Amino acid sequence: MAIERRHVVHGGVVFVIAVLLGLAGFFLADAIQTNNTYDALAAHHVTVIERTRICAGYICRYGYDYRGLRFTAVIGFGYPSSFLVDPRDPSVRMSTLAFDGGPSGTTGDDVFAGLALFAAIAVGAAHLLRWRRRRRPGYEPAASPWGVPLAPDDDPVARPSMGPEPTEPRVIEPGRYLRLLPGEPLAAVDALPRYHVGRIQVLTGHGELVIDDPHERHTYRLPNSGGEGARIRGLVVGYADHRATGHVNDPDRFLVVLDAQDQKVGRLDFSDTWELSTSGLRQMCRLSGLAFSVERYDSDRELLAARLTWIAPAAELALEHPVAENVREFGLALWLGTGIALTLLGATGMELVFATPVRYVVFTIAGAGLVVAAVIAAWGRITWMTRQHQSTTTDTDQKRAG
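Rendered as structure tokens:
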């Protein structure tokens with residue numbers, strides 16, 4: 088379950104909304120509690136006079152004692168210092184100063200609760216409108232007014248030429264591999280490089296095609312390799328100009344590996360990296376005896392209709408089950424919002440989460456968000472695998488019948 092920039096943005100927005108709703112709930116709860124306390128004391132109360140007093144300037148701390156119950160209060164110097172206590176429940180008490188103000192003292196709580204609730208609705212609505220606008224095909228974000236021009240040495244357009252690009256290898260020398268990295272030309276290496284997590288690359292040599300994706304290494308046998316075993320037939324570079332998720336105007340770029348029956352046996356997504364050189368891939372296929380082609384689609388939806396087995400699980404979930412994808416995004420935002428809260432609030436956030444009853448609510452919301460996001464992601468991948476298998480089986484049966 089990859090975490091992208093949009094997930095962090097959603098998490099931050101959800102966190103802000105959760106904080107605002109929490110503040111609104113706090114002020115409303117305080118207003119309700121104050122009114123209930125006032126009503127109880129209006130019916131039954133006794134007056135308790137302070138026993139101790141410690142003053143510092145205009146602020147005093149008073150101590151009280153009622154039926155063995157001791158409590159303190161901080162009241163300004165010169166104001167009434169007595170307390171009203173409900174004899175039936177001594178935990179229900181209020182200073183005479185607050186009681187004399189009447190229930191109207193909760194007006195401030197109501198005002199702040201309303202402001203926090205309005206701010207939460209405004210933030211959510213603004214983010215939702217912006218998100219929906221960015222998902223529309225054809226949307227082009229405005230250029231940032233804060234852009235800083237690059238220095239000539241840093242600008243790839245203005246910097247002086249450093250000479251021609253190195254020529255691509257024309258043969259695969261015995262004992263060597265051809266390697267293609269994102270944003271780099273095709274090059275020859277003496278040995279098969281070690282696999283590194285998070286790095287993608289394509290290599291060919293020794294009768295095999297090796298593809299490293301961010302999670303694992305895949306090895307395929309070339310058509311002209313010796314020995315037995317299934318061989319691949321060719322490579323296809325696919326482009327979908329509009330994504331199904333994320334920034335819709337960013338293209339989906341991927342490499343598909345086909346077997347002898349033109350069935351997909353491998354897929355490498357390089358949408359979020361530098362582009363793999365098309366000329367380098369073509370040269371690699373020519374020297375390895377593989378077929379090579381390029382297919383371009385207007386959107387992931389068009390790709391799904393034309394090449395069902397080539398679509399990525401996340402894209403299929405967003406296209407076929409948009410409600411489930413939105414719920415997954417919301418669940419992931421709740422989970423990330425907890426981490427953002429701890430990071431932004433620092434020690435205050437740690438105290439809020441671990442030293443107060445709020446921790447139960449925070450842990451419940453974060454855990455529920457993670458569970459929802461993980462379950463929907465797993466369900467979407469299972470659905471994707473099922474459709475892939477059914478489509479492959481159908482294509483194989485049709486070819487045999489033909």
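Sequential numbering of the sequence shown, starting at 88, is according to this note's numbering. Don't be surprised by glycine CBs; every beta carbon is placed ideally from N, CA and C. Predicted model only: the values in this text are computed from it and were never measured.
Grouping DSSP H, G and I as helix and E and B as strand, with all else coil, what is residue i?
i    : result
S169 : coil
D117 : helix
E382 : strand
A245 : For A245, the predicted model reports a pLDDT of 48, less than 50, meaning its position is unreliable and no value from the coordinates is stated.
Y145 : coil
Q350 : coil
L368 : helix
I162 : strand
A388 : Residue 388 is actually Arg in this sequence, not Ala. Correct three-state label for R388: helix.
I63  : For the chain, the structure presents residues 88 to 489; residue 63 sits outside this window and is missing.
W233 : For W233, the pLDDT reaches just 49, beneath the cut-off of 50, and the residue's location in the model is therefore unreliable, leaving the point undetermined.
Y264 : strand
L345 : strand
I427 : helix
V135 : strand
L110 : helix
I452 : helix
R257 : coil
R217 : helix
R281 : coil
Can you tell me which residues form a DSSP beta bridge with residue i?
i    : result
A127 : A127 pairs with nothing; no bridge assigned.
H305 : I298
M490 : Given a span of 88 to 489 for the chain in the structure shown, any question on residue 490 remains unanswerable.
Q288 : D299
A327 : D339 and Y384
Y151 : F158
A274 : R266
D356 : F341
I398 : DSSP, once it has assigned bridges, lists no residue as partnering I398.
L47  : What the structure shows of the chain is the stretch from 88 to 489, and residue 47 is not part of that stretch, so it cannot be assessed.
Is the CB-CB distance between residue i and residue j below 8 Å?
i    : j    : result
A213 : G424 : no
V324 : V284 : no
P272 : E255 : yes
G165 : I427 : no
L107 : A200 : no
D152 : R138 : yes
G353 : Y307 : yes
G456 : P400 : no
T134 : L184 : no
E260 : A275 : yes
S386 : D337 : no
Y63  : S178 : With the chain represented from 88 up to 489, any question about residue 63 goes unanswered, as that position is not in the structure.
C147 : I136 : no
F186 : L128 : yes
Check the C-beta distance from residue i over to residue j and give it rounded, since I have them as a contact under 8 Å.
i    : j    : result
G418 : A460 : 4 Å
L61  : L355 : Only positions 88 to 489 of the chain appear in the structure, and residue 61 is not among them; the question remains open.
I287 : D300 : 6 Å
R415 : A464 : 6 Å
T360 : P269 : 4 Å
S364 : D339 : That pair is no contact at about 18 Å.
L494 : L290 : Outside the shown range of the chain (88 to 489) lies residue 494, about which nothing can therefore be said.
W422 : A378 : Contact flag wrong, Cβ pair sits at about 44 Å.
A111 : A203 : 4 Å
Y282 : Y326 : Not a contact, Cβ separation roughly 27 Å.
L143 : D196 : It is Ala, not Leu, that sits at residue 143 in the sequence shown. Wrong, their Cβ atoms sit about 28 Å apart, outside the cutoff.
If we count the other Cβ atoms within 10 Å of its Cβ and call it buried at 16 or more, is residue i buried or exposed?
i    : result
Q370 : buried
Y145 : exposed
G292 : buried
R180 : buried
S231 : Low confidence applies here, because S231 scores a pLDDT of 48, under 50, leaving its location unreliable; read the following figure in that light. Classification of S231: exposed, given that the 10 Å Cβ count is below 16.
A405 : buried
S375 : buried
V244 : In this prediction, V244 scores a pLDDT of 49, lower than 50, which makes its location untrustworthy; the coordinate-derived value is nonetheless stated afterwards. Classification for V244: exposed.
A130 : exposed
L216 : exposed
T480 : exposed
I141 : exposed
R175 : exposed
T124 : buried
L518 : Given a span of 88 to 489 for the chain in the structure shown, any question on residue 518 remains unanswerable.
V458 : exposed
A490 : Any answer about residue 490 is impossible in this case: the structure gives the chain only from 88 up to 489.
T332 : buried
V100 : buried
F450 : exposed
R220 : exposed
R330 : buried
I298 : buried
V344 : buried
Is residue i a contact residue of the ligand NAD, with contact defined as CB to any heavy atom under 7 Å?
i    : result
A212 : The ligand NAD is absent from the structure shown, which contains no ligand whatsoever.
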